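Remarks on the structure that follows.
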Amino acid sequence: MMYCMVKYRLFGTSGVRGEINLFLTPELAVKLSMAFSRFLGGSGDIAIGFDSRLPSRALIEACISGAMFSGLNVFYLGLIPTPVLLHVVKEFKLDGAIMVSASHTPPRYCGLIFFKGDTGELSPMESKIIEDLVFSEFSTSNVFGSLHSLGDVSDIYVESILRNFNFGSFNDLNLKIVCDIGNSPYALYFNKLFEYLGIDFISINCHPDGFFPGRGANVDVNSLSYVSNIVKGGLANFGFGVDG
């Protein structure tokens, strides 16, 4: 089967981002995933995950279809933070990954970020190769990839943190931490880590929600004012926030 599109610029500073259905469509997601497969040689194993944005759930189905249709075996991770997705790539020695996320941008935006087997993003030159493939005619693979699920990988990620960092007498400090999860997928991971370490913590906006009703997707001085006031009020020793 052959594909061809009218050429325009796709990649920005971090993957492909844009307003859903005005720029980034399921059709484009399929073609980008197929081009990524071609970039990887038409075979291999990749991880695919998504953030809490509502359009991400539709785009990930498109990415899975494009990748499998082009010969890649897909390890589906579901709702997951980007660093955890990349840890899975490293832990299981996969050939790459696609993360469906638009990070700190407003809810009407969505994005696709492509990673190589070393967990690095595509270079500008490599992104150009993907773009050229999307806009050119190319044949799909005759081999259809397979779909796998790794289930809950939170324990794998938290155990790796505990194994690679020396927390020493951290518990003896009797710290209380406040964290603004920003309606992102991070809640489960922070909760497990802090509970294992015996740290007293307060979680804010800890339920995934693609509309980011708590404070918006971006992290800045204004969006973290509530966390800041908790620390200044003496209810916690320090606080932090993550983007959407």
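Add 132 to a position in the sequence shown, counting from 1, and you land on the number used in my numbering. We treat Cβ as the ideally placed atom computed from N, Cα and C, and that holds for glycine. Since this is a predicted model, take the numbers as computed values, not measurements.
Between residue i and residue j, what straight-line distance do the alpha-carbon atoms span, to the nearest angstrom?
i           : j           : result
residue 344 : residue 239 : 7 Å
residue 348 : residue 245 : 21 Å
residue 304 : residue 284 : 30 Å
residue 363 : residue 323 : 19 Å
residue 374 : residue 351 : 6 Å
residue 368 : residue 333 : 8 Å
residue 197 : residue 286 : 25 Å
residue 274 : residue 175 : 11 Å
residue 319 : residue 353 : 21 Å
residue 170 : residue 338 : 38 Å
residue 258 : residue 306 : 47 Å
residue 331 : residue 299 : 12 Å
residue 366 : residue 297 : 28 Å
residue 268 : residue 327 : 51 Å
residue 289 : residue 151 : 31 Å
residue 282 : residue 210 : 10 Å
residue 253 : residue 172 : 13 Å
residue 122 : residue 166 : Lying outside 133 to 376, the shown extent of the chain, residue 122 is not represented and no answer is given.
residue 144 : residue 168 : 16 Å
Taking the beta carbon of residue i as the centre, do at least 16 other beta carbons fall within 10 Å, making it buried, or is it exposed?
i           : result
residue 280 : exposed
residue 219 : buried
residue 256 : exposed
residue 315 : buried
residue 346 : buried
residue 183 : buried
residue 134 : Below a pLDDT of 50, predicted positions are generally treated as unreliable, and residue 134, at 44, falls in that range; the measurement from the model is reported next regardless. Result: exposed.
residue 192 : buried
Give a yes or no on whether the C-beta atoms belonging to residue i and residue j are separated by under 8 Å.
i           : j           : result
residue 164 : residue 262 : yes
residue 266 : residue 142 : yes
residue 317 : residue 212 : yes
residue 149 : residue 214 : no
residue 336 : residue 321 : no
residue 160 : residue 342 : no
residue 302 : residue 325 : no
residue 360 : residue 371 : yes
residue 194 : residue 162 : yes
Could you check how far apart the C-beta atoms of residue i and residue j are, in whole angstroms? I think they sit under 8 Å.
i           : j           : result
residue 232 : residue 188 : 4 Å
residue 199 : residue 147 : At roughly 15 Å, the Cβ-Cβ gap does not stay under 8 Å, so residue 199 and residue 147 are not in contact.
residue 208 : residue 180 : 6 Å
residue 229 : residue 242 : Their Cβ separation, rounded to whole angstroms, is 17 Å, which puts residue 229 and residue 242 out of contact at 8 Å.
Examine chain C for any beta-carbon lying closer than 8 Å to the beta-carbon of residue i, and answer yes or no.
i           : result
residue 251 : Going by chain labels, chain C is absent from the structure shown, which holds only one protein chain.
Original post:
Does the stretch 247 to 264 touch the stretch 213 to 233, meaning 3 or more C-beta pairs lie closer than 8 Å?
Top reply: yes
Original post:
Pairing CB atoms from the stretch 290 to 302 with CB atoms from the stretch 310 to 317, are three or more of them under 8 Å?
Top reply: no
**OP:** Say whether the stretch 202 to 209 touches the stretch 153 to 160, bearing in mind that this needs 3 or more beta-carbon pairs closer than 8 Å, one atom from each stretch.
**Re:** no
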